Every structure is written in structure tokens, then in C-alpha cells.
Amino acid sequence: MKGTVAAAAIAAMATGAQAAYPHHRRAHDMFKRGGNETCVPGCTTIWTTIYGEPTLVPNPPPVVPTTSAVATSSAAPVPVTTSKAEVTTKAVVPTTTPEVVSTSEAVTTSTEVVVVVPVPTPEVHDCPTPGTYTFPATTVTVTESTTVCGAQTTKVPAGTHTLGGVTTIVETATTVTCPYAKETEINGVVTSVIDTTVYVCPSAGTYTIAPVTKSCDVETVLVYPVPTSYAPGTYTAPEQVVTVTETGYVYVCPYSSEGLVATTSAAVKKVAATTTAVAYDVPAVSVSVAYVAPSSSAAATTKSSSKSSSKSSSSSKSYSSGNLKGTNDHYGITYTPYESSNGDCKSATEVKSDIQLLKQKGFSIVRSYSTDCDTLTSVGPACKEYGMDMIIGVFVKETGCSYDTPDIKKQVDAIAAWAEWDLVKLFVVGNEAIMNNYCSAAELAELVTVVKSKCSGYTGPYTIAETLNIWQQDGVADAICPVVDVTGANIHPYFNSETAPSDAGEFVSGQLELLNEICSGNEVINLECGWPTQGECNGVACPGEEQQATAIASIRESCGDKTVFFSFENDLWKEAGDCGCEQSWGSKNCF
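In case it helps, mature numbering (1 follows the signal peptide of the UniProt record, and there is no 0) puts the sequence shown at residues -19 to -1, 1 to 572.
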């Protein structure tokens, strides 16, 4: 979903690769696959609890607060919950049961009447059967800062899974008080609520507070609550048309805010689902949204200044700005060592031949997404032999967003052991991981920091790969800018229905100008950009060999020296997708 401000509208067009069709799962297919929830020292806190859907409650009856003492004990730390219950028209008030905590003071609980106002929590839509679903546009105005239950989803195999929760890091034994999201049952109805818990941390370390445990008998998409805070402002969700091709799909539609700043605590983050590492294919879902492109000047004037985040003094560049630029009009190209016809891994000899060809065509750098198919040990030596640089990456999937995720750990450890840092010009952590809801911005920022520590021999620049509208979302720049040296984005003009092939270069240049405003002082780079030769027309953006040649020539002329083109060869082993274009992005013949 995109914001309504002009800058976000332009960004949305650049991200049609996710919005109009499932194109941005291409990279994933290659590998066969925020708010104010701060934890602070204290004793007790009374927190607003919200049950069920937003409702205005007329003339609620008075509720008499009750208190009860809680005994002390020397037992292991146990969280104690204090809560406030919303009074519905039936005046249902939950009861509170005292629990034991390892503190020297008694903790009391209280109950308070709350009147609920509408807030822009992400809307969760169940799509039980394949088909086309239309979700109407919605606008919500928030008049004061509010913390409520939001929702996140994750696809999991059969079994028991731990999700959500709040993680806090303490340097000494202390007691923390923080809000968390949970599910509760009232009169047979399960609702999500915000509670506050007092948690005793007996020593320095990392503590996960109040995660949610769920079980399922078959592979499914689990929806779980997370605490979400909203600042005053207007939040919008434009109409969405979603095409679903599998049963039991869950679509989460977030709101976008206009000119608002999200606040997050660096010490607190949501915890990703912990499950066994199993590869899953993302269901084929296409989302089509009509966008109107404002002028570049309008976008520049309406863009919130809060998006331009600067690094902390401790995050200084260890490289010279301007290094990520070609000496001709086609700087780099994406390359994965897969056979075009069947997706099998290429031999080292075949990889060497490909890299030699790319060097002959004038490319300076190749971008890889992961360590699959012996990328490091086949592409690396070939690049070294022919004098080409590399953009390497750690690919994040739905299995998790931390170094402890087996798939991520395997990649990071392999790169650290490989250590051919003289070949690496840029390190990309995640490819559209925030867009795909695999990571929150805070989680991805933490992963970047961990990767830096594990690959400490590399002193060059880091970035992430997201689309411009993701960078412009509240809280993303604030979380990511301090840990990256380059602002990287995937920009695909084909997925903007108002961009003809001849206008592709102008469109991409405009996106790069907006990207340059995100992280103050950062260099920018277009990490993925191309045009298909087959598929459906998207407005005036039609595929075809002639159209591809025209579009790429336009991009080369306007900003080819800052662009990594997508991609080296067609991927005939993929599904064509709803756009009919997924197999046909190979562009080596255009150079």
C-alpha cells in the first residue's frame, strides 16, 4: 500500500514490480525457495487495553477498580500483567488473577474504562479460495498518539511455533515494564489486546517477553498480534485488487500515513517467528493499483523532512563516496549461476564464460543475491580473472530475519570464510525483505549490524535492497539509514502503467533523485532495473524485444552509470506469472 503524499505516489510507481504483479518474487524464486513499545526500568505501569474492532462506546457504566496483593517469592522470574479493560456495550470486564514475581514489593492491578477510537491497524483479509478480491479504500484520522494491537503474518509448516513478543537487552539485573500484544478469550470470542507486563531480568542479557505460541496441523499462514503505535495524522489505504491462486491465503493491507514520524526504541524489537528451516514458495498474488504520477517538483516539496535520516556519529563511512559508479552507460548487471532452461546450477567453466562475455560487453560489476550454486567459488574467481567487481548479498526469506536463522547463518558464515574482500564493492543484506514482511525495519537493521560483525574483514559499504515506497514508509529510514553507507533500491519502470519504453530513463532518474533524499549524505544506486520481452501490457508499458531495447537504451542514456540491469539471461524454468513476463527479463543482447 502506498501513502497519499506525492513523493510516495511516485515511489509507488517505481515499485510496481511488487504492486502490479508478483515480479519481485523473481529474486526469491532464484533460491528455490514499529511503534512505541519501549521497555524501561520500573515497577508497575497501567496500560490501556483494547479489545476487538475499533468501536465508539456510548455512555459506559461505571466500573469499580479492584486491587489485589501479589505475594513475593524467590522463585524464577515470572511476568506479572497489569491491564485495563475496554467496556463494551455489554459491560464485559475481564478479571485479573494475581501471579508471583521475584520482587520485594507488591504489585497491584487495576481496571479502567476505555473509549475506543478508530486506528489504522493493518487490515487482515482472508482469501479462502482462488479468485480476485477487491478491498475498498479506507481513511482513518488519528487525533492523539495511540498504541493498539496490530497484526503480522508468517507462513509456517505443521507444528508448534513461537512468534511475536518483545525483546529487550539489559546490561545488568533489572526490572523492565513494557507493553506487549496477546490474544484472550471473552465469552467465547478470541480478541487481541495490549497488556503491560513487569518482567524481572536477573542478570545482563537478552530477554524475549511474552511471545505467542501457536500450533497447526498443516502448513498454514498464522496471524499473530503485535503492539503498534500511531502518531496523530491521517492514514490511508487505497483500493486494492488482489488475485489469489491458492486456497487459504491471508492478505494483510497496511495503512500509509501522511507526514508522520514513527518513534522506535533501539533496544526493543519484535521477534520473528522461530520455526524449523523449511523452504516455501510464496503464493502467486498480484496486486494492481492505479497511480497518478505527480511532477518531480511536487514530490520534492511534499516529501516529509523526517525521511532524510542521517547516520549517528559512530557510523562513519570507510570508503570514498562516489565509488559505486560506472565509467560508461551500463555499470552492472544481475547474475545468478543458473541454467536458463531448467534452473540447474552452471559449472564453473560455464560461469567463467558468462563473466568473460559480460566483461567484453563493458560491464564493471555483477550483482549476486546469495551464496547458492557455489556463487562465491565460481563467480568470484571468474570476476577476479577478468577484472570485474562484485555486489554480494545475503538473501532473507520467510524462515526468519536473524543470524540465528539457519539459512541466513549458512550464507553469512560462507561469506566470512570466503573473505575475498578485494572483489567486493558493495554488500547487500536482504532483497525486498521488508516489502515481503520477512523483516521489520528494526530487525533488518539489526541483521545488517550482525553481518558487519561476522564479516569484519570487509570495510566497504553496506546497503539493503528495497523499493522506493518502502524506504519512504514511516520508521524505515530512521532504522536503516544509521547502519548503511549506500541507499539502494530496485527500480522497474515497466510496472508503472504510465511509463512507455522511451520514457523509462526519465522515470528511473526521477526515482533516483527521490532516493537521494532518504539518507542524508549517502550515495545511491539502482540495484535492479530492466524490461521484459514477453508478457502483458501494463498500461502504455508493453513488453517486447524492441520495447526492451528502447527502454534499456533510455535508461543507459539517463542513469546507466548508476544502474545494475536485470538480468543476464531469461529464466525459462520459472512460472510466467500473472504478468506473463517472469521468464523474459534477460537483456544481454541489448549491450
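No residue lacks a Cβ here, since even glycine has one placed at the ideal position from N, Cα and C. From a predicted model like this one, the values you see are computed outputs, not experimental measurements.
Around the CB of V222, fewer than 16 other CB atoms lie within 10 Å, so the residue is classed as exposed. With a cutoff of 7 Å on beta-carbon distance, N519 and I472 are scored as not near each other.
Note on the stretch 351 to 376: whole alpha helix (DSSP H) runs with a minimum of 4 residues are 356 to 367, in chain order. Residue pairing from DSSP places E509 in a beta bridge opposite N471. A Cβ-Cβ distance of about 6 Å is found for the pair V225 and G112, placing them in contact under the 8 Å criterion. The Cβ atoms of L407 and P442 lie closer than 7 Å to each other.
At a Cβ-Cβ threshold of 7 Å, A363 and V332 count as neighbours. Taking 3 residues as the minimum length, the beta strand (DSSP E) runs contained wholly in the stretch 477 to 522 are 504 to 510, in order along the chain. Distances from the alpha-carbon of V432 to those of G469, F376, L449 put F376 closest. Listed as beta-bridge partners of G438 by DSSP are no residues whatsoever.
Here T201 carries a strand assignment [DSSP, helix/strand/coil]. Nearest C-alpha to D542 among W566, E526, V505, C560: V505. G558 carries a coil assignment under DSSP once its states are collapsed to helix, strand and coil.
Contact between V347 and G313 holds: CB atoms are separated by about 6 Å, below the 8 Å threshold.
Judged by DSSP secondary structure, Q221 falls within the beta strand (DSSP E) whose first and last residues are 221 to 225.
Contact between the stretch 509 to 524 and the stretch 472 to 492 is present: three or more C-beta pairs spanning the two stretches fall below 8 Å.
In the structure shown, Q341 adopts helical secondary structure according to DSSP, grouped into three states. Taking all protein chains in view, the Cβ of K342 is surrounded by fewer than 16 other Cβ atoms within 10 Å, so the residue is classified as exposed.
Between K340 and M371, the CB-CB gap reaches or exceeds 7 Å. N323 and L553 have their C-alpha atoms spaced approximately 7 Å apart. Following the DSSP letters along the chain, one finds K390 in no beta strand (DSSP E) but inside the alpha helix (DSSP H) bounded by residues 387 to 399. Judged by their CB atoms, A422 and V467 are not nearer to each other than the 7 Å cut-off. Taking the CA atoms as reference points, S437 sits about 35 Å from Y161. If you look at L553, you'll find it isn't in any alpha helix (DSSP H); DSSP assigns it neither H nor E. The shortest CA-to-CA distance from I336 to any of T317, D353, T134 is the one to T317. In the DSSP assignment, T531 falls within the alpha helix (DSSP H) that extends over 526 to 540.
Rounded to whole angstroms, the separation of the alpha carbons of T228 and T141 is 22 Å. Proximity to Y319 across Q564, N570, F572 peaks at Q564, based on C-alpha coordinates.
Under DSSP, C159 shares a beta bridge with T178.
One Cα belongs to D559, the other to N417, and the distance between them is close to 18 Å. DSSP places V465 in no alpha helix (DSSP H); its state is neither H nor E. With 16 or more other Cβ atoms from the protein chains shown falling within 10 Å of its own Cβ, D459 counts as buried. Three or more beta-carbon pairs separated by less than 8 Å link the stretch 480 to 492 to the stretch 519 to 529, which places the two stretches in contact. By the criterion of a C-beta distance shorter than 7 Å, T531 is surrounded in its chain by P482, S483, once the five residues flanking it on both sides are discounted. For the pair D176 and K195, the CB atoms are not nearer than the 7 Å cut-off.
Around the CB of V199, fewer than 16 other CB atoms lie within 10 Å, so the residue is classed as exposed.
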